[in-house]
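Presented below is the structure to which this report refers.
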Amino acid sequence: MTRVAVLGAGGGIGQPLSLLLKADPLVSSLNLYDIRGAPGVAADCSHIDTASTVTGFHADNLPKALEGAEIIVIPAGVPRKPGMTRDDLFNTNAGIVRDLAQAISEHAPKAHVLIISNPVNSTVPIVANVFKKAGTYDPKKLYGITTLDVVRASRFLSEVVPGTDPKDITVPVVGGHSGVTIVPLLSQTEVGKGVAGADWEKLVNRIQFGGDEVVKAKDGAGSATLSMAYAAAKFTHALLRATRGEAGIVTPAFVESPLFEKDGVHFFSSNIELGKEGIAKIHPLGTLSAEEEKLVAAAIPELKKNIEKGVKFVGA
Ligand code: NAD
Ligand code: LMR
Numbered sequence: 154m155t156r157v158a159v160l161g162a163g164g165g166i167g168q169p170l171s172l173l174l175k176a177d178p179l180v181s182s183l184n185l186y187d188i189r190g191a192p193g194v195a196a197d198c199s200h201i202d203t204a205s206t207v208t209g210f211h212a213d214n215l216p217k218a219l220e221g222a223e224i225i226v227i228p229a230g231v232p233r234k235p236g237m238t239r240d241d242l243f244n245t246n247a248g249i250v251r252d253l254a255q256a257i258s259e260h261a262p263k264a265h266v267l268i269i270s271n272p273v274n275s276t277v278p279i280v281a282n283v284f285k286k287a288g289t290y291d292p293k294k295l296y297g298i299t300t301l302d303v304v305r306a307s308r309f310l311s312e313v314v315p316g317t318d319p320k321d322i323t324v325p326v327v328g329g330h331s332g333v334t335i336v337p338l339l340s341q342t343e344v345g346k347g348v349a350g351a352d353w354e355k356l357v358n359r360i361q362f363g364g365d366e367v368v369k370a371k372d373g374a375g376s377a378t379l380s381m382a383y384a385a386a387k388f389t390h391a392l393l394r395a396t397r398g399e400a401g402i403v404t405p406a407f408v409e410s411p412l413f414e415k416d417g418v419h420f421f422s423s424n425i426e427l428g429k430e431g432i433a434k435i436h437p438l439g440t441l442s443a444e445e446e447k448l449v450a451a452a453i454p455e456l457k458k459n460i461e462k463g464v465k466f467v468g469a
């Protein structure tokens with residue numbers, strides 16, 4: 154019995170994510186919550202012929218939506234419009250995420266919490282600090298979802314190396330989830346290590362700014378929703394497998410991490426091994442090329458700033 158809750162289920166990500174989770178055989182019960190529209194999404198998904206049950210909750214029913222949830226996925230919050238950075242979303246989304254985290258600490262303090270809402274580099278520290286204040290923080294169960302960067306990296310890399318299939322390529326993408334903080338380690342894949350010079354630069358730039366491509370194409374109607382729902386469902390499925398006892402599941406996520414503590418950066422995305430109780434192991438970055446070392450160095454000050462902004466928002 155695994156109950157998954159989606160907070161923000163009525164939105165551009167929330168709807169297709171709810172659909173994909175309804176189709177996941179490892180989900181047995183799905184709670185859909187939003188300040189608007191969740192009961193309709195739930196009624197729609199509930200006709201799909203999989204065994205799980207689906208329940209929709211109105212805006213004033215958040216405690217009930219959280220009851221018994223083991224995994225909580227959060228895509229609540231506003232998306233970017235052309236010309237905006239993810240940090241421009243902070244003023245609106247920080248408060249939304251803080252309030253949802255407060256409710257989770259009261260009604261589902263043992264749940265795994267998966268943060269999609271941007272800016273992820275700041276919203277994850279916000280949630281961590283709300284949980285710390287409430288005395289419910291378990292760093293092994295809080296994840297910033299960076300899977301879309303991993304998905305993009307494998308797709309974009311396969312496009313520049315003829316004859317390859319993205320399904321056979323996994324690129325570790327480390328750092329954070331915005332612009333220069335997104336660091337693909339192409340040298341760590343068989344297919345990617347042959348990409349060099351201007352081709353490498355172009356590919357890295359496309360992975361770092363892939364989100365902008367979608368924001369521009371949607372022309373004011375939001376950012377990535379379908380690919381993001383796919384990515385979040387993929388991460389959730391991996392976590393469900395791990396919590397059921399499957400060993401050896403490794404994927405990147407933005408988590409509390411010792412890797413760059415020496416630089417004052419307390420959250421970082423790198424490969425993590427998932428286990429029954431959440432994060433079982435945080436992998437080191439491994440061998441980097443000289444160019445990748447430079448990318449990591451450029452990511453650190455930006456990450457530090459984003460993380461400190463989130464921490465400051467919650468206060469001591
Ligand atoms: P959207 O506007 O289509 O949907 C957001 C939903 O959140 C809406 O249905 C809204 O009613 C709901 N909401 C707002 N406040 C809420 C609250 N307090 N409680 C519950 N629900 C609430 O936006 P979207 O396109 O689905 O994007 C959502 C967020 O995900 C944005 O912040 C976006 O930047 C982010 N995002 C992150 C990634 C990533 O890789 N991590 C990828 C894409 C988008
Ligand atoms: C993405 O990477 O697509 C998301 O973070 C949404 C955005 O604002 O680009």
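First residue of the sequence shown? That's 154 in the numbering used here, and the numbers climb one at a time after it.
Just so it is clear, CB atoms sit at the ideal spot from N, CA and C, and this is done for glycine as well.
The beta carbons of S171 and L160 sit no closer together than 8 Å. Here T299 is near P405, since their CB atoms are less than 8 Å apart. Closest in alpha carbon position to K293, among G350, T396, G221, A176, is T396. Taken through DSSP and simplified to helix, strand or coil, K434 comes out as strand. Under the three-state reduction of DSSP output, R397 falls in the coil class, being neither helix nor strand. Close CB contacts of F362 within its chain, under the 8 Å cut and outside five residues either way in sequence, are with G332 (chain order).
With contact defined as three or more Cβ pairs closer than 8 Å, the stretch 377 to 394 and the stretch 217 to 231 are in contact.
Contact check between the stretch 449 to 457 and the stretch 306 to 316: fewer than three CB pairs, one atom from each, fall below 8 Å, which does not count as touching.
G221 is positioned such that its CB atom lies no closer than 8 Å to that of A191. Taking the Cα positions, V327 is about 7 Å away from L338. Comparing C-alpha distances from H436 to each of S422, P262, N274 shows the shortest one belongs to S422. At least one heavy atom of the ligand NAD lies less than 7 Å from the C-beta of P228. If you draw a straight line from the Cα of L219 to the Cα of A287, it is about 16 Å long. If you check the C-beta of H260 against the ligand NAD, you find no heavy atom less than 7 Å away.
Counting every other CB atom within 10 Å of its CB across the protein chains shown gives M154 a total below 16, marking it as exposed. A buried status is given to P232, since no fewer than 16 other beta-carbon atoms sit within 10 Å of its beta-carbon. Excluding sequence positions up to five before and after V464, its CB lies within less than 7 Å of the CB of P278, N282, all in the same chain and listed in chain order. The closest CA to that of L295, considering only D177, D241, K285, is found on K285. In the DSSP annotation of this structure, the continuous segment of the beta strand (DSSP E) that includes V326 starts and ends at 326 to 328. The closest CA to that of V180, considering only K263, P325, A204, V367, is found on A204. Collapsing the DSSP output to three states places I268 in a strand.
No heavy atom of the ligand LMR is found nearer than 7 Å to the CB of G332. For G288, no pairing in a beta bridge is given by DSSP.
N271 is positioned such that its CB atom lies closer than 8 Å to that of N246. When DSSP states are grouped into helix, strand and coil, R189 belongs to the coil group. For R156, the enclosing beta strand (DSSP E) has its first and last residue at 156 to 160. D197 and M381 have their C-alpha atoms roughly 20 Å apart. According to the DSSP secondary-structure assignment, Y296 is paired through a beta bridge with L267. Relative to the Cα of D241, the nearest Cα in the group N459, Y290, L427 belongs to N459. For the pair T440 and G431, the Cα-to-Cα distance works out to about 26 Å.
A buried status is given to I360, since no fewer than 16 other beta-carbon atoms sit within 10 Å of its beta-carbon.
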